[in-house]
Amino acid sequence: MLIRFIKSNEETFVLNGQQRDDKPVLIDIGGTTLLYTLEGSGRNLVKKLRGQGPIKNSIQIYMMAKEEVNPVNPIQTLEQRQAELRSGDIGESSYFWNYGGWTPCSAICGNGFRKRLVLCMNRLTGKRAELENCVASDRPADSEQCKGEDCDSTSEDSTVEWELGDWGPCSSSCDIGDQLQDVTCVSTDPSGRKVTVDDQMCIQLYGRKPEYRRSCNENIPCPYWTPVEEWSSCNKDCGMGEQSREVLCVSIDNRRLADSACDSSKKPASTRPCMVRQCDSNPEDPGLNCRNSPFGCCQDGRTAAQGSNFEGCPQESLMDAALMEEQSRQDQIMKDVPLSVLDTAMGVVLII
Numbered sequence: 001m002l003i004r005f006i007k008s009n010e011e012t013f014v015l016n017g018q019q020r021d022d023k024p025v026l027i028d029i030g031g032t033t034l035l036y037t038l039e040g041s042g043r044n045l046v047k048k049l050r051g052q053g054p055i056k057n058s059i060q061i062y063m064m065a066k067e068e069v070n071p072v073n074p075i076q077t078l079e080q081r082q083a084e085l086r087s088g089d090i091g092e093s094s095y096f097w098n099y100g101g102w103t104p105c106s107a108i109c110g111n112g113f114r115k116r117l118v119l120c121m122n123r124l125t126g127k128r129a130e131l132e133n134c135v136a137s138d139r140p141a142d143s144e145q146c147k148g149e150d151c152d153s154t155s156e157d158s159t160v161e162w163e164l165g166d167w168g169p170c171s172s173s174c175d176i177g178d179q180l181q182d183v184t185c186v187s188t189d190p191s192g193r194k195v196t197v198d199d200q201m202c203i204q205l206y207g208r209k210p211e212y213r214r215s216c217n218e219n220i221p222c223p224y225w226t227p228v229e230e231w232s233s234c235n236k237d238c239g240m241g242e243q244s245r246e247v248l249c250v251s252i253d254n255r256r257l258a259d260s261a262c263d264s265s266k267k268p269a270s271t272r273p274c275m276v277r278q279c280d281s282n283p284e285d286p287g288l289n290c291r292n293s294p295f296g297c298c299q300d301g302r303t304a305a306q307g308s309n310f311e312g313c314p315q316e317s318l319m320d321a322a323l324m325e326e327q328s329r330q331d332q333i334m335k336d337v338p339l340s341v342l343d344t345a346m347g348v349v350l351i352i
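Numbering-wise (this note's numbering), the sequence shown opens with residue 1 and increments by one.
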């Protein structure tokens, strides 16, 4: 069977265009999806093409026969199916499992695995459906064990060896990093066909898997942090404050970059503590000069009095003031006594 797709006066074969043996496949064509399957084998091989319309572009289906056949008219089949849908006489579930062909065996010789695509399909629309719509117990296997050719018979003709591939990505985008080279175990048959096989086949022959490493990007400078201004003035006139400056991430050609492009652990400080001077020690009003207040200072020489009799002064200051006042009064009395006589509790003493 061949299928030719026609669009905008261009013709493209989308299935079996080279007239070789075809395989099951899903085909996206003309605005829909066609499911092409093969059932049976030999003279009993049946090829089926299922899909849902409408098909928005022209397609041509060719039947190739090696002997005289009486092919089914696809139009009649379509009309018959539509009649079944209209009458509801479907006679089977609305969903069914469909599957593609097996992949080649993963092993050239010995045991391996092969896989195939298994889909749940909507029988009414011909479209792919969620897996839970189909009966799980009826699902065909999507993988199975397989055997390649006999290892002993192919070992003389095929060679197995480590093959070097491409270099992987560099571990660092700048400065210096390293990269690893891909190494795979490959079997080559006499025709030159190469197939990747399990690493254990090479390890059994050659031992440990080789590792090739090289340095990279050593000549590419990394972005770096740089201050773009001097430290600002301290933000406090007295006591502890803070200075700041702007620090940017730039490229080697001084282009500004996002901060994420630079190593955050290497970023210089953008703030630091500072102090212009100590603040006034008066906790109640550090900036007040009591000598310039209306009632002067308290006896402690720091606190501003709130009245002429030392109102608002600390208690300790008032006690000191009383003592000083009494001492001043005693001093005044002593000034009024004649220098020749000092009246004491012991009597009159003559001063010579």
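C-beta atoms are modelled at their ideal positions from N, C-alpha and C, and glycine is treated no differently.
Per DSSP, the continuous beta strand (DSSP E) segment holding Cys274 begins and ends at Thr271 to Met275. A check of alpha carbon separations from Thr103 across Leu117, Ser94, Asn111 and Trp97 identifies Leu117 as the nearest.
The Cβ atoms of Asp178 and Arg213 sit closer than 7 Å to each other. The residue among Pro314, Pro294, Ala129 and Gly301 with its C-alpha nearest the C-alpha of Ser308 is Pro294. For Leu248, there is no enclosing alpha helix (DSSP H); the residue is found in the beta strand (DSSP E) stretching over Val247 to Val250. If you check the CB distance, Leu257 and Ser251 come in under 7 Å.
Spatial neighbours of Ser172 in its own chain (CB-CB distance under 7 Å, excluding positions within 5 residues in sequence) are listed in chain order as Asn217. In terms of CA proximity to Asn235, Arg245 leads the group Arg245, Gln200 and Gln299. Taking the C-beta atoms as reference points, Trp162 is found nearer than 7 Å to Val183.
Out of Gly312, Met201, Pro140 and Val276, the CA that lies nearest to the CA of Gln243 is found in Val276. Pairing Ser106 with Phe113 gives a Cβ-Cβ distance under 7 Å.
In terms of Cα proximity to Ser93, the closest of Pro273, Asp300, Cys274 and Cys134 is Cys134. Shown here for Asn111: same chain residues with a beta carbon closer than 7 Å to its own, the five before and five after excluded, namely Gln145 and Lys147 in chain order. Rounded to the nearest angstrom, the gap between the Cα atoms of Cys222 and Ser232 is 28 Å. Per the C-alpha coordinates, the member of Glu230, Asn254, Leu119 and Thr303 positioned closest to Arg272 is Glu230.
Going by C-alpha positions, Glu211 is about 23 Å away from Cys174. When only Cα atoms are considered, Ser143 and Lys115 end up about 4 Å apart.
Closest in alpha carbon position to Ile220, among Ile176, Gly165 and Cys202, is Ile176.
With fewer than 16 other beta carbons inside 10 angstroms of its own, Leu205 counts as exposed. The DSSP-derived three-state label of Ala136 is helix. Residue pairing for Pro227: DSSP places it in a beta bridge opposite Val247. Rounded to the nearest angstrom, the gap between the Cα atoms of Lys267 and Trp225 is 6 Å. In the three-state scheme derived from DSSP, where H, G and I count as helix and E and B as strand, Ala261 is classed as helix. Nearest to Pro227 by alpha-carbon distance, out of Gln306, Ala269, Thr37 and Phe310, is Ala269. Per DSSP, reduced to three states, the secondary structure at Ile203 is helical. If you look at Trp167, you'll find it in the beta strand (DSSP E) that goes Thr159 to Trp167. Here Asp199 has Cys185 and Lys209 as same chain residues with Cβ atoms under 7 Å from its own Cβ, once five neighbours each way along the sequence are excluded. Straight-line measurement puts the Cα of Cys238 at about 18 Å from the Cα of Arg302. In chain order, Ile108, Ser158, Val160, Val195 and Val197 place their CB closer than 6 Å to the CB of Ser187, counting only its own chain and leaving out the 5 sequence neighbours on each side. The Cβ neighbour count for Met240, taken over all protein chains shown within 10 Å, is under 16; the residue is labelled exposed. When only Cα atoms are considered, Cys170 and Leu248 end up about 26 Å apart.
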